[in-house]
Amino acid sequence: MSANYDAIIVGAGIVGTACALECARDGMRVAILDGGEVGGGATAAGMGHIVVMDDSPAQLALTRYSQILWQDLAPELPSSSEYETPGTIWIAADEDEMKELSRKCMNYRHHNIPAEVLDAQALREAEPNLNPALAGGLLVPQDAVLNASSAARHLLDRAIWGDAVLLRKTVVSIGNNRVHVSDGTVFHGSRIVNAAGADAAKLTPEIPIKRRKGHLVLTDRYPKFVRHQLVELSYLKGAGSIAPESIAFNVQPRKSGQMLIGSSRQYDAEGQQVEQPVLDRMMERARYYLPQLDQLTAVRAWTGFRAATPDKLPLIGPSLHDPTVFLATGHEGLGITTALATARLLADHIAGRVSEIPREPYFPSRLQVGTMIERGHS
Ligand SMILES: Cc1cc2nc3c(=O)[nH]c(=O)nc-3n(C[C@H](O)[C@H](O)[C@H](O)COP(=O)(O)OP(=O)(O)OC[C@H]3O[C@@H](n4cnc5c(N)ncnc54)[C@H](O)[C@@H]3O)c2cc1C
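Going by our numbering, the sequence shown opens with residue 6, and the numbers climb by one from there.
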């Protein structure tokens, strides 16, 4: 069997399903191929924090644009997507970090993103279970949380109403308008979108993606134990570092009253297994911020793999070597946040439309071989 499509999307995670919907909206005949569960990859393993980040102007533009697209989509999401807007509080441990919070606050406000610095007293009132020795925080009230697997299924359903098809196939190679799958079938597409997450480099070997393992812990129900997504400010250092392992305090309240506790980032750590020493370091860090955590019960821990690029920006746009292949991957720890913007930018590119934000910072062509080696991604 073989069939012709305007767009074939490999990967039905949050990014691939968002791309399928945007392409279907543009009137394309779309097939989305996945060998596993819809939204069952990193999308299921992630926290679902929709967060504006300002490590670079390009990251800020993409995260904010996508957050607004999520706000627009929120009213139609099913209740299982558990979309809520608790806001984020970035936590400063000391006065040096308070200075950094002030800078961050000014930057957000400069870009019309509401943000408010909390002193130590205001932080205690907002989050009574935090360590009283902490210096303060930055409240970013529009940051949201959701169940990303449910959201991916919703995006796919919407794409299918628009005439897309889901094919449960494992892809073995892509290129020259063809998609070869493991049962020997070849599909033909005017464009092929590689949205295979942390496995994208298996299909497009020239892209500099590294798998970055992460652990999360889910607690029992403790409603209002924390009220916002709480993230230590030095999380930014960990996320941006190229060290083999980094740990940062990051806790999320879920609609169920449960909490997700993160997080770890490891390069060169293959295998899905939960690593107890990593979990221990993660929980020790969390206990510094939330000393009463010891009295709570954890019900589950799991791991997932982020797709990391050397410059912490995703790859969105045409591949370097094959004009029929487009990339929508490399989102590392922000793929749930930036999925909707990724899909919109990609669809704009294919349709030749002007986008709401510049597309060039995310083009795969920015990563030339010299840059990759310089940044330790040889
Ligand atoms: C611990 C952890 C916490 C995170 N927290 C957050 C967060 O709070 N906020 C946020 O924005 N992001 C977060 N992330 C990152 C986020 O989860 C990912 O960036 C995002 O889910 C990537 O989505 P994706 O669709 O690209 O990949 P995936 O969800 O991995 O989907 C890729 C799909 O491709 C399929 N596939 C792969 N290869 C093939 C093939 N050869 N043939 C067919 N199908 C194939 C897979 O089966 C999979 O379904 C976190 C990640 C981790 C690990």
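For every residue, glycine included, the Cβ atom is placed at its ideal position computed from N, Cα and C.
| query | result |
| --- | --- |
| In this structure, how does DSSP classify Y227 when only helix, strand and coil are distinguished? | coil |
| Using 8 Å as the cut-off, classify the Cβ of K218 as near or not near the heavy atoms of ligand 1, replying yes or no. | yes |
| Going by alpha carbons, who is nearest to K260 out of P228, D101, G194 and A291? | P228 |
| Regarding G322 and ligand 1, is the C-beta to nearest heavy atom distance less than 8 Å? | no |
| G32: which of A356, P369 and L135 sits nearest, CA to CA? | A356 |
| Just to confirm the assignment: which complete beta strand (DSSP E) runs, minimum length 3, are found wholly within the segment 265 to 330? | 303 to 313 and 320 to 323 |
| Since L238 is in the beta strand (DSSP E), which residue starts that stretch and which ends it? | Run containing L238: none; DSSP gives neither H nor E here. |
| Less than 8 Å separating the Cβ of R311 from some heavy atom of ligand 1? | yes |
| May I ask you to check if the CB of V176 is nearer than 8 Å to at least one heavy atom of ligand 1? | yes |
| Quick check on S360: does DSSP put it in helix, strand or coil? | coil |
| Shortest alpha-carbon distance to V176 belongs to which of A205, R232 and A169? | A205 |
| Give the straight-line distance between the Cα atoms of V150 and L82, rounded to the nearest whole angstrom. | 13 Å |
| Following a CB-centred definition, is S85 positioned closer than 8 Å to any heavy atom of ligand 2? | What this structure holds is ligand 1, not ligand 2. |
| Measuring CB to CB, does Y367 end up less than 9 Å from L318? | yes |
| For D39, does the count of other Cβ atoms within 10 angstroms reach 16, so buried, or fall short, so exposed? | buried |
| May I ask you to report which of helix, strand or coil DSSP gives G381? | The pLDDT assigned to G381 is 37, lower than 50, so where the model puts this residue is not dependable, and the model offers no usable value. |
| Just curious, the alpha helix (DSSP H) that G21 is in, first and last residue? | I19 to R30 |
| Quickly, what does DSSP pair V170 with across the bridge? List them, please. | A36 |
| Between which residues of its own chain and T329 is the CB-CB distance below 8 Å, once the five residues before and five after are set aside? | G180, N181, N182, G194, S195, R196 and I197 |
| Within the chosen definition, does the segment 126 to 146 reach the segment 12 to 28 through at least 3 CB pairs nearer than 8 Å? | no |
| Alpha carbon to alpha carbon, how far is R158 from M58? Give it in angstroms, no decimals. | 26 Å |
| Could you tell me the boundaries of the alpha helix (DSSP H) in which R108 lies? | E100 to H115 |
| If we call anything under 9 Å between Cβ atoms a contact, is L160 one with I94? | no |
| Using three-state DSSP, classify I252 as helix, strand or coil. | strand |
| For F368, list the residues DSSP reports as bridge partners. | In the DSSP output, where bridge partners are listed per residue, F368 has none listed. |
| Assuming A98 contacts L106 (C-beta within less than 8 Å), just tell me the rounded distance between them. | Contact doesn't hold; Cβ gap of about 11 Å is too wide. |
| Excluding the 5 residues flanking Y113 on each side, which residues of the same chain have their C-beta closer than 6 Å to its C-beta? | A120 |
| Between the C-alpha atoms of L223 and A306, what's the straight-line distance to the nearest angstrom? | 6 Å |
| Who are the near neighbours of H233 in its chain, counting only those whose CB is closer than 8 Å to its CB and skipping five residues on each side? | P91, G92, T93, I94, A131, E132, L144 and P258 |
| Does DSSP put Y10 in a helix, in a strand, or in coil? | strand |
| Going by DSSP, name the residue or residues bridged to V177. | DSSP lists no partner for V177. |
| Using alpha carbons as the reference points, say which of V304, S269, L238 and S239 lies closest to G262. | V304 |
| Out of A164, G16 and M52, point me to the one whose CA is closest to Y88's CA. | M52 |
| With a CB to CB cut of under 7 Å and the five nearest residues on each side skipped, what residues in its chain are close to V16? | The amino acid occupying residue 16 in the given sequence is Gly; Val does not appear at that position. Closer than 7 Å at the Cβ level, and outside the excluded window around G16, lie D39, A200, A201 and G202. |
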